[in-house]
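Those protein sequence lines, which keep their order, are chains A and B. Numbered according to the numbering used here, the first sequence spans residues 1 to 80. Numbered according to the numbering used here, the second sequence spans residues 81 to 576.
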Amino acid sequence: MIPLYAFLRGDTLGLLVLAEESDTMDVLAAKVQIAASVRVPRSRRAVVVFDGRELSPTTTVAGAGITALDRVDVIGEGAP
Amino acid sequence: MLKRSQWLDGARKLDWSYSYVREEDVFPEATSGRPWLSHAEWADWDEPYRTTFADYVSTQASKEAAVAAVRQAVGGIDDYRKLAASWMNALKLHAATLPLAEFAAVVGNLRAARFGRDSAWRNTATFGALDEIRHTQIPLLLMHELVRWEPQLDWTHRFYHSNNWVAIAARHLVDELLVAADPIELAIATNFVFETGFTNLQFVGLSALAHGVGDRMFETMVSSIQTDEARHSQIGAPVLAKVAKHDREYAQYLVDKWFWRSWHLFSIVTGFAMDYFTPLESRSRSFKEFVEEWVIGQYLQALERLGLKRPWYWDTFLESLEHYHHMVYVSAYTYRATVWFDFVVPSPRERAWLRSKYPRAWEKLAPVWRRIDDRWKEADPSNDFAVHGTAIIGFCDLCQLVLCEGSSDANSAKVALRDGKKFIFCSEPCRWIFEREPERYAGHKDVVKRVLAGEAPANLIALLKRYFGLDYETWGKDAFGGEYPWLTRGDVGETR
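This is how it looks when you write it as C-alpha cells:
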C-alpha cells in the first residue's frame, strides 16, 4: 500500500489515501472521491493531476511514477 | 522614608560588574539567547510599568476579589445552563487550549527571570511568571466546578496531557514558544507577537462578545487576565528594538516566524468562537474585522515604529484571513468526534451573515455545507457518524494542523524532499519556517506518521478511544444532533 496526500478540488482539506501500485487513475480518483464524500458529492468522471500533469485514466500509480507521500489532485467533472 | 519614585529604579535596575566570573558564563548564549551582547548594550533597557512587589500584590488581590465575586454570583452550573449551547463550545475550546499553555509560560518567564539580560527585564519576567500561574489556576478552578455537569470540560486539564491531534499541534507550538525558547526569542515571540498582536483577539474581542452572550464569568475571567498580559507584554518591544539594532535580519525572522505560527492557533481558537459559536444576535463583528483592527492595524504600527517590515508573506496572510478558519471549521465538523467539543451547522441566516463578511470564501464553501445538509437530511437525528469522515487526514509537518490552507479550489499544500524524506506543508510560510530550522522540526512525527509507523491505530474509533483519549461521552458531536428547525429531513438537494 502506498500512502498519498490527496486533494479533491472543491474539498476543504487534504486526506491520506492508501493506493496500490497497480491502481489506475480511475481507481485512485474513485478512492479519493469516496474518502471526501461527506463533504463533496461524487462526480461521474474525475481526473488525477500529478506534478502538474493530467494523467490518463488507465495509467497506473507505478506507471505514473507516483510514490509514497506524494501529492495527487483529483478534479471531478463540474468542479470549481 | 523614601518615596516610591526615589527607590524603585534602584531596586529594579540592580546590575553589577562581575569580578570572579565572566559575563558570558553568567549569561551563556545558549540559555540567554542571541545576539549575545555585553550588559553595557542592555543597560538602557526599560519598560513603562515599573511595578513594585507591594503594588503587584495589592493590584492582584483586588483582581482576585473581583473574579471571586463574579464567580460567586454567576459562576455556578445553573448559570452556565442558561447560556447558548453553541457558545459553550467556545468555552471548551478556550479552556483546553489556553490555561495549560499559560502554565508553560511560567517556565518561559522564569527562564527570563534568570537569564534575561537586564535586571529590570528579569524583574518584570518574575511578575510575568506569577501572572501566568494565575492564568492557569483561575480557569482550572472555574471549569473544574462544571465537570460534573459537562464532562467535555474535563479537557481543560486533560488536553495537553493527551495525544489528541489538536493537542499534538498545540504542544508543538507551546513547547517551542514557551518551554524551549531562550529569553530573547520568548520576549519577541510571546511578549511582542503573541501578546501584543494576538491575545487581544481572545482576551478583549471575545470578552466583548461574551458580554453580549451573557457569559459574565468568561468576560470577567479573560478581562482580568488581559490586564496582566498588557503589563508583561511590555517586555517584548524593548527586547525586539535591541535585537533589531544589532541583528535586523534575525529580528525580522523571529517576528515573521511567530506571527505565522500564532496566526494559525488564534484563527482556530478565536475564529471558531467568533464566527461559529457566538450566537448570531450577539456577533458585533466578524473575526476578520477584529483581526483587521487588533492585528493589521495596531501590530503593523508597532512593527513600523521599530523599523521592521510587515512579514514577506503578507498577501498569503490576507488570503488566509479570508479562508483558513472556515476551511478548518467545516473540515473539523466532519471529523468532530476527534475533538472534545461540539460543533454547529450554520443556519441559513448565519450563512448569509458569513457570506456578507467573507464573500470570496463563502462562495466556495457554500457547496460543502449544502452537502452536509443533505447528509443530515438522509440520516437519523443524532446519528453523527452518518455525517462524519472516516478517511485519514493529512497534517502539516510544521504547524501539525490539518492541510486547510489556500482555498477549496486551490489548496496550497506542498510536498518537499529533505535528506531523502518527504515532508508536507500546508502553506508556503510553514515550509519556509521549517527550512530555516530543519534540525528543530524534522524529527517530529505528526499523527499520520505515527499511524504509518504503527504507533497509533489507523481505525478511527480505535484512534479516538485508545490514542486521543476520547469516549462517547466526551467526543465531539453535532450540538443539536443534526436537528435544526430550518433543516427538513428528506428535502435532499434543496439549496439555500
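Where a beta carbon is used, it is the ideal one built from N, C-alpha and C, also for glycine.
### residue 99 of chain B - DSSP class collapsed to helix/strand/coil
Here residue 99 of chain B is taken as the residue at index 19 of the second sequence, counted from 1. Coil, per DSSP.
### Task
Could you tell me how far apart the beta carbons of residue 301 of chain B and residue 231 of chain B are, in whole angstroms, since I believe they sit closer than 8 Å?
Taking the second sequence and counting its residues from 1, one reaches residue 301 of chain B at position 221. Taking the second sequence and counting its residues from 1, one reaches residue 231 of chain B at position 151. 21 Å between Cβ atoms; not a contact.
### Assigned exposure category for residue 307 of chain B - 16 Cβ within 10 Å defines buried
Counting from 1 along the second sequence, the entry for residue 307 of chain B is found at position 227. It counts as exposed.
### Message
Please tell me whether residue 58 of chain A has its Cβ less than 9 Å away from any Cβ of chain B.
### Response
Within the first sequence, residue 58 of chain A is the residue found at index 58, counting from 1. It does not: the Cβ of residue 58 of chain A has no partner Cβ on chain B nearer than 9 Å.
### Query
On the three-state DSSP scale, how would you describe residue 501 of chain B?
Your numbering for residue 501 of chain B matches position 421 in the second sequence. Residue 501 of chain B falls in the strand class under three-state DSSP.
### Message
Check this for me: beta carbons of residue 281 of chain B and residue 339 of chain B, under 9 Å apart or not?
### Response
Residue 281 of chain B sits at position 201 when you count from the first residue of the second sequence. Residue 339 of chain B sits at position 259 when you count from the first residue of the second sequence. No, these two residues do not count as a Cβ contact at 9 Å.
### Query
What residues in its chain sit with their C-beta under 7 Å from that of residue 189 of chain B, if we drop five residues either side in the sequence?
Position 109 of the second sequence, counted from the first residue, corresponds to residue 189 of chain B. Within the same chain, residue 189 of chain B has close Cβ partners 205, 208, 209, 212.
#### Entry: Beta-carbon neighbours of residue 11 of chain A, restricted to chain B and to distances below 7 Å
As a first step, residue 11 of chain A is located in the first sequence; it is residue number 11 there, counting from the start. The answer, in chain order, is 488.
#### Entry: Same chain only: Cβ atoms within 8 Å of residue 380 of chain B, ignoring 5 sequence neighbours per side
Along the second sequence, read from residue 1 onward, the residue named residue 380 of chain B stands at position 300. Result list for residue 380 of chain B: 390, in chain order.
### Query
Helix or strand or just coil, what does DSSP make of residue 280 of chain B?
As a working mapping, residue 280 of chain B is identified with position 200 in the second sequence. Of the three classes helix, strand and coil, the one that applies to residue 280 of chain B here is helix, per DSSP.
### Task
Taking residue 532 of chain B as the query, report the chain A residues whose CB atoms sit under 8 Å from its CB, ordered along the chain.
For the purposes of this step, residue 532 of chain B is identified with residue 452 of the second sequence, where counting begins at 1. Under the 8 Å cutoff, chain A gives 3.
### Query
Residues bridged to residue 558 of chain B by DSSP?
Position 478 of the second sequence holds residue 558 of chain B. Answer by DSSP bridge pairing, in chain order: B:423.
### Query
Across which residues does DSSP place residue 54 of chain A in a beta bridge pair?
Position 54 of the first sequence, counted from the first residue, corresponds to residue 54 of chain A. Residue 54 of chain A is bridged to A:49.
### Message
Let me make sure I understand the geometry here. Which of A:41, A:52, A:69 has the alpha-carbon closest to that of residue 10 of chain A?
### Response
Counted from its first residue, the first sequence places residue 10 of chain A at position 10. Among A:41, A:52, A:69, the Cα nearest to that of residue 10 of chain A belongs to A:41.
### Message
For a cutoff of 9 Å on Cβ pairs, would you count residue 70 of chain A as touching chain B?
### Response
Residue mapping note: residue 70 of chain A aligns to position 70 of the first sequence, counting from 1. So yes, residue 70 of chain A belongs to the interface.
### Query
Is DSSP giving residue 70 of chain A helix, strand or coil here?
In the first sequence, residue 70 of chain A corresponds to position 70, counting from 1. In the structure shown, residue 70 of chain A sits in coil (DSSP, three-state: anything other than H, G, I, E or B).
### Query
Taking Cβ positions only, does residue 15 of chain A come closer than 9 Å to chain B?
For the purposes of this step, residue 15 of chain A is identified with residue 15 of the first sequence, where counting begins at 1. By this cut-off, residue 15 of chain A is an interface position.
### Query
CA-CA distance, residue 63 of chain B and residue 73 of chain A?
In the structure displayed, chain B extends from 81 to 576; residue 63 of chain B sits before or after that span and is not available.
### Message
Could you tell me the alpha carbon to alpha carbon distance between residue 520 of chain B and residue 127 of chain B, rounded to whole angstroms?
### Response
Within the second sequence, numbered from 1, the residue matching residue 520 of chain B stands at position 440. Within the second sequence, numbered from 1, the residue matching residue 127 of chain B stands at position 47. Taking the straight line from one Cα to the other gives about 32 Å.
### Query
Name the chain B residues that come within less than 7 Å of residue 38 of chain A, Cβ to Cβ?
Here the question's residue 38 of chain A lines up with position 38 in the first sequence. Chain B residues near residue 38 of chain A: 414, 455, 467, 468, 469.
### Query
Mind checking residue 436 of chain B: buried by the 16 CB within 10 Å criterion, or exposed?
The residue labelled residue 436 of chain B in the question sits at position 356 within the second sequence. The residue is exposed, with fewer than 16 neighbouring Cβ atoms inside 10 Å.
### Message
Taking the alpha carbon of residue 555 of chain B as the reference point, which residue from B:178, B:273, B:454, B:416 has its own alpha carbon closest?
### Response
Position 475 of the second sequence, counted from the first residue, corresponds to residue 555 of chain B. Closest by alpha carbon: B:416.
### Task
Assign residue 411 of chain B to buried or exposed, taking buried as 16 or more other Cβ atoms, counted over all protein chains shown, within 10 Å of its Cβ.
The residue you call residue 411 of chain B lines up with position 331 of the second sequence. The residue in question, residue 411 of chain B, is buried, as its Cβ has 16 or more Cβ neighbours within 10 Å.
### Task
Out of B:401, B:463, B:460, B:422, point me to the one whose CA is closest to residue 439 of chain B's CA.
Stepping through the second sequence from its first residue, residue 439 of chain B is reached at position 359. Of the candidates B:401, B:463, B:460, B:422, the one whose C-alpha sits nearest the C-alpha of residue 439 of chain B is B:401.
### Query
Going by other Cβ atoms of all chains shown within 10 Å of its Cβ, with 16 needed for buried, is residue 263 of chain B buried or exposed?
Taking the first residue of the second sequence as 1, we reach residue 263 of chain B at position 183. Per the 10 Å Cβ criterion, buried.
### Query
CA-CA distance, residue 248 of chain B and residue 480 of chain B?
Residue mapping note: residue 248 of chain B aligns to position 168 of the second sequence, counting from 1. Residue mapping note: residue 480 of chain B aligns to position 400 of the second sequence, counting from 1. So the two alpha carbons sit approximately 7 Å from each other.
### Message
According to DSSP, is residue 539 of chain B part of a helix, a strand, or is it coil?
### Response
Here residue 539 of chain B refers to the residue found at position 459 when the second sequence is read from its first residue. In the structure shown, residue 539 of chain B sits in coil (DSSP, three-state: anything other than H, G, I, E or B).
### Query
With 9 Å set as the bound, which would you pick, yes or no: does the beta-carbon of residue 493 of chain B sit closer than that to a beta-carbon of chain A?
Residue numbering aside, residue 493 of chain B sits at position 413 when the second sequence is read from its first letter. By this cut-off, residue 493 of chain B is an interface position.
### Task
Tell me, to the nearest whole angstrom, how far the beta carbon of residue 21 of chain A is from that of residue 68 of chain A; I am working on the premise that it is less than 8 Å.
Position 21 of the first sequence, counted from the first residue, corresponds to residue 21 of chain A. Position 68 of the first sequence, counted from the first residue, corresponds to residue 68 of chain A. Not really, about 10 Å apart at Cβ, beyond 8 Å.
### Task
Identify, in the order they occur along the chain, each residue of the same chain with its Cβ nearer than 6 Å to the Cβ of residue 7 of chain A, setting aside the five sequence neighbours on each side.
The residue given as residue 7 of chain A occupies position 7 in the first sequence. 14, 73.
#### Entry: Residue from B:504, B:157, B:387 whose Cα sits closest to the Cα of residue 224 of chain B
In the second sequence, the residue the question calls residue 224 of chain B occupies position 144. The option with the nearest alpha carbon to residue 224 of chain B is B:157.
### Message
Quick check: what's the CA-CA separation for residue 101 of chain B versus residue 523 of chain B?
### Response
Counted from its first residue, the second sequence places residue 101 of chain B at position 21. Counted from its first residue, the second sequence places residue 523 of chain B at position 443. Cα to Cα, residue 101 of chain B sits roughly 37 Å from residue 523 of chain B.
### Task
Show which residues of chain A have a CB atom less than 7 Å away from the CB atom of residue 482 of chain B.
Residue 482 of chain B sits at position 402 when you count from the first residue of the second sequence. Simply 13.
### Task
Starting from residue 495 of chain B, follow its DSSP beta bridges and name the residues at the other end.
Working through the second sequence from its first residue, we reach residue 495 of chain B at position 415. DSSP, once it has assigned bridges, lists B:504 as partnering residue 495 of chain B.
#### Entry: Continuous beta strand (DSSP E) stretch holding residue 3 of chain A: start and end
For the purposes of this step, residue 3 of chain A is identified with residue 3 of the first sequence, where counting begins at 1. Residue 3 of chain A -> beta strand (DSSP E) spans 2-8.
### Task
Just the C-alpha distance for residue 226 of chain B and residue 151 of chain B, rounded to the nearest angstrom, thanks.
As a working mapping, residue 226 of chain B is identified with position 146 in the second sequence. As a working mapping, residue 151 of chain B is identified with position 71 in the second sequence. So the alpha carbons of these two residues sit roughly 12 Å apart.
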